[in-house]
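*Asks:* The structure's right below; bear with me while I get my questions together.
Chains as they are written, first to last, in the numbering used here: chain A, 18 to 273; chain B, 18 to 273.
Here's what the structure looks like:
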């Protein structure tokens with residue numbers, strides 16, 4: 018065995034928005050960030066979806082920024098009355114919420130005369146000490162303060178902001194994944210052998226996911242971790258197990 | 018003004034599963050439950066996505082079951098080693114995790130002789146006092162204990178379990194929604210007038226959602242609440258505001 022690797026940094030996502038909790042909007046940011054953060058070695062360890070309620074935002078931000086290395090928020094940084102993320106972040110950090118000189122100057126220059134109104138000025142108002150997250154696709158920037166990164170809710174803006182931010186995040190070892198799937202072997206029959214394999218690879222996360230397709234149901238086993246060679250050995254053992262149980266294992270995940 | 022209505026009961030969802038946090042799986046249960054719970058007058062007020070880690074599950078369940086009227090969990094009740102929700106719920110409630118006589122008898126009868134193995138027996142093992150959530154589409158039931166309702170992660174199973182459970186939940190006033198949208202009026206221009214309308218309807222939740230479509234970008238304003246007449250009046254005011262700002266408002270949400 019080699020020396021133990023330092024643990025990867027951890028991430029938490031806070032999705033802020035009544036529209037997700039009401040079912041109006043299907044969140045797409047969690048999955049995108051989960052994949053990107055895994056690739057950067059900063060695995061997403063928790064996500065919370067919370068309403069546009071100041072007390073809840075402040076309490077949640079303070080709880081999770083103490084528990085995770087990075088906190089990402091999405092939503093609530095537009096110009097309307099329900100966009101209250103920025104002032105709540107200031108309250109959470111106990112700092113003034115005030116015009117950010119650089120953001121203010123850039124936004125003022127981007128609008129026609131008279132169009133940089135009070136509502137838009139709120140988007141240039143930030144917690145003192147905020148570091149801008151700038152992109153070419155949105156006039157209004159996101160920002161970071163401490164270990165909290167505040168991004169837009171609109172997916173294409175959030176994605177651009179994340180890529181702008183990514184080079185500045187301390188990375189860990191990328192989380193990789195290997196998979197195998199088969200029809201004809203129910204989870205309830207593979208479970209015992211699978212638990213034994215998991216016990217031999219405690220540093221990996223072995224997941225079992227039944228699938229339902231028109232051409233047949235089956236189960237996919239996915240090994241995730243930071244050690245690709247170990248993941249490949251574990252999946253080779255799962256493949257042999259599937260074959261022993263009468264399956265016809267196929268490498269990778271099943272097609273959608 | 019009429020007498021104040023009693024407040025609606027509240028709900029929290031816990032999505033349990035590494036596969037959502039890794040980005041392998043796009044959660045579909047949150048949105049489905051959000052819509053159904055809104056219709057039952059039990060609005061979803063928070064959701065958490067957490068990993069298959071016992072301490073995290075136990076702590077999260079105990080935190081949210083004290084804060085919300087109903088807690089729903091999805092995921093982690095299958096037969097494999099990573100399905101640990103049921104035993105964690107028992108630990109959270111401080112009750113034994115033991116064979117549930119009724120679930121055990123039904124599952125034993127549903128499998129061929131010898132197929133009701135140790136892994137499947139775990140699915141009939143529950144916190145003492147669990148009340149079964151039974152459906153016709155899954156051999157293994159979900160269950161409720163206290164105000165916590167434990168359901169499958171597979172959407173079609175979860176949906177059937179929820180409909181089986183729904184008649185037993187105490188309902189509130191249904192949350193209804195009215196909307197109007199327009200092109201050509203950026204959020205930053207409607208924000209001020211919208212805030213004034215929101216201030217006149219404090220019991221409603223007025224949300225502003227920009228949209229991006231190939232045939233044009235715009236903004237949708239959605240009023241949600243339990244008073245349909247108030248929502249209609251508020252949306253009529255928003256419609257007039259949009260017209261004043263040069264928009265061409267259209268009732269309802271924009272097409273996808």
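Think of the CB as a built atom: it goes at the ideal place given N, C-alpha and C, for glycine as much as any other residue.
Taking the alpha carbon of residue 258 (chain B) as the point to measure from, which residue in B:215, B:35 and B:112 has its own alpha carbon closest?
*Replies:* If we check each option's Cα against that of residue 258 (chain B), B:215 comes out closest.
*Asks:* What number of angstroms, rounded off, separates the C-alpha of residue 89 (chain A) from the C-alpha of residue 76 (chain A)?
*Replies:* Their backbone Cα atoms lie some 15 Å apart in a straight line.
*Asks:* Which residue marks the beginning of the beta strand (DSSP E) containing residue 194 (chain A), and which one marks its end?
*Replies:* Residues 193-200.
*Asks:* What is the residue span of the beta strand (DSSP E) that residue 174 (chain A) lies within?
*Replies:* No beta strand (DSSP E) contains residue 174 (chain A), which is instead part of the alpha helix (DSSP H) from 172-182.
*Asks:* What does residue 176 (chain A) touch in chain B if you count any residue whose Cβ is under 7 Å from its own?
*Replies:* Ordered by position in chain B, no residue passes the 7 Å Cβ test against residue 176 (chain A), which lies about 13 Å from the chain.
*Asks:* Examine chain B for any beta-carbon lying closer than 8 Å to the beta-carbon of residue 164 (chain A), and answer yes or no.
*Replies:* Not closer than 8 Å to any Cβ of chain B, the Cβ of residue 164 (chain A) fails to qualify, so no.
*Asks:* Ordered along the chain, which non-local residues of its own chain (more than five positions away) have a Cβ less than 8 Å from that of residue 212 (chain B)?
*Replies:* There are no such residues.
*Asks:* Residues in its own chain within less than 7 Å of residue 218 (chain B) by CB, not counting five upstream and five downstream?
*Replies:* Cβ neighbours of residue 218 (chain B) beyond the five flanking positions: 247 and 251.
*Asks:* When you compare the CB of residue 96 (chain B) with every CB in chain A, is at least one pair closer than 8 Å?
*Replies:* Yes - at least one Cβ of chain A is within 8 Å of the one on residue 96 (chain B).
*Asks:* Under the three-state reduction of DSSP, which class applies to residue 142 (chain B): helix, strand or coil?
*Replies:* Strand.
*Asks:* Could you please give the first and the last residue of the uninterrupted beta strand (DSSP E) stretch that includes residue 275 (chain B)?
*Replies:* Any property of residue 275 (chain B) remains undetermined from this structure, which presents chain B solely from 18 to 273.
*Asks:* Anything in the segment 247-262 of chain A with a Cβ closer than 8 Å to a Cβ of chain B? List those residues in chain order, please.
*Replies:* Here the close residues number zero.
*Asks:* Could you give the distance in angstroms between the alpha-carbon of residue 157 (chain B) and the alpha-carbon of residue 62 (chain A)?
*Replies:* If I take the Cα positions, the gap works out to 28 Å.
*Asks:* Could you list which residues in chain B have their beta carbon closer than 9 Å to that of residue 135 (chain A), in chain order?
*Replies:* Residues of chain B passing the Cβ test: 208 and 209.
*Asks:* For residue 65 (chain B), go through chain A and note every residue whose CB falls closer than 8 Å to its CB, in chain order.
*Replies:* Result: 63, 64, 65 and 66.
*Asks:* With a Cβ-Cβ cutoff of 8 Å, do residue 142 (chain A) and residue 178 (chain A) count as a contact?
*Replies:* Cβ atoms of residue 142 (chain A) and residue 178 (chain A): not closer than 8 Å.
*Asks:* Nearest-angstrom Cα distance between residue 260 (chain B) and residue 204 (chain A)?
*Replies:* In a straight line, the C-alpha of residue 260 (chain B) is about 58 Å away from that of residue 204 (chain A).
*Asks:* If we cut at 8 Å on Cβ distances, does residue 272 (chain B) have a partner in chain A?
*Replies:* No, its Cβ sits nowhere closer than 8 Å to a Cβ of chain A.
*Asks:* With DSSP run on the structure shown, which of helix, strand or coil describes residue 274 (chain A)?
*Replies:* Since the first residue shown for chain A is 18 and the last is 273, residue 274 (chain A) is missing from the structure and cannot be characterised.
*Asks:* Would you kindly work out how many angstroms separate the C-alpha atoms of residue 231 (chain B) and residue 273 (chain B), rounded to a whole number?
*Replies:* Spanning the two alpha carbons is a distance of roughly 10 Å.
*Asks:* Residue 103 (chain B) by DSSP, collapsed to three states: which one?
*Replies:* In this structure, residue 103 (chain B) counts as helix in the three-state DSSP scheme.
*Asks:* For the beta strand (DSSP E) that contains residue 165 (chain B), what are its first and last residues?
*Replies:* 165-168 is the span of the beta strand (DSSP E), which, as asked, contains residue 165 (chain B).
*Asks:* Going by DSSP, which residues form a beta bridge with residue 133 (chain A)?
*Replies:* BP columns for residue 133 (chain A) are empty, so no partner.
*Asks:* Which residues of chain B have a Cβ atom closer than 7 Å to the Cβ of residue 204 (chain A), listed in chain order?
*Replies:* Going along chain B in sequence order, the residues near residue 204 (chain A) (Cβ under 7 Å) are 95, 96 and 97.
*Asks:* Residues of chain B with CB closer than 7 Å to the CB of residue 36 (chain A), please, in chain order.
*Replies:* Here the neighbours are 224 and 226.
*Asks:* Nearest chain B C-beta to residue 18 (chain A) closer than 8 Å, yes or no?
*Replies:* The predicted position of residue 18 (chain A) is uncertain, since its pLDDT is 47 and thus under 50; no value can be drawn from it.
*Asks:* Tell me, please, whether the CB atom of residue 266 (chain A) is closer than 8 Å to any CB atom in chain B?
*Replies:* Cβ-Cβ to chain B under 8 Å: no for residue 266 (chain A).
*Asks:* If residue 155 (chain A) and residue 174 (chain A) are in contact, beta carbons under 8 Å, what's the gap, nearest whole angstrom?
*Replies:* Sure, about 5 Å apart at Cβ, within 8 Å.
*Asks:* Does the beta-carbon of residue 226 (chain A) have 16 or more other beta-carbons within 10 angstroms, so that it is buried, or is it exposed?
*Replies:* Result: buried.
*Asks:* Thinking just about the alpha-carbon of each residue, which of B:59, B:46 and B:180 is nearest to the one in residue 85 (chain B)?
*Replies:* Ranking the options by Cα distance to residue 85 (chain B), first place goes to B:59.
*Asks:* What is the rounded straight-line gap between the Cα of residue 99 (chain B) and the Cα of residue 161 (chain B)?
*Replies:* Roughly 20 Å separates the two Cα atoms.
*Asks:* State the DSSP-derived secondary structure class of residue 18 (chain B), mapped to helix, strand or coil.
*Replies:* With a pLDDT of only 47 at residue 18 (chain B), under the threshold of 50, the placement of this residue in the model should not be trusted; the figure read from the coordinates follows. DSSP places residue 18 (chain B) in coil when its eight states are reduced to three.
*Asks:* For a test of the three-state rule: what should DSSP assign to residue 118 (chain A), helix, strand or coil?
*Replies:* In the structure shown, residue 118 (chain A) sits in a helix (DSSP, three-state: H, G or I).
*Asks:* Would you mind giving the Cβ-Cβ distance between residue 256 (chain A) and residue 266 (chain A), rounded to the nearest angstrom? I have them listed as a contact below 8 Å.
*Replies:* The Cβ separation is near 5 Å, so the contact holds.
*Asks:* Counting only beta-carbon atoms, is residue 200 (chain A) nearer than 8 Å to chain B?
*Replies:* No, residue 200 (chain A) lies away from the interface with chain B (no Cβ there is under 8 Å from its Cβ).
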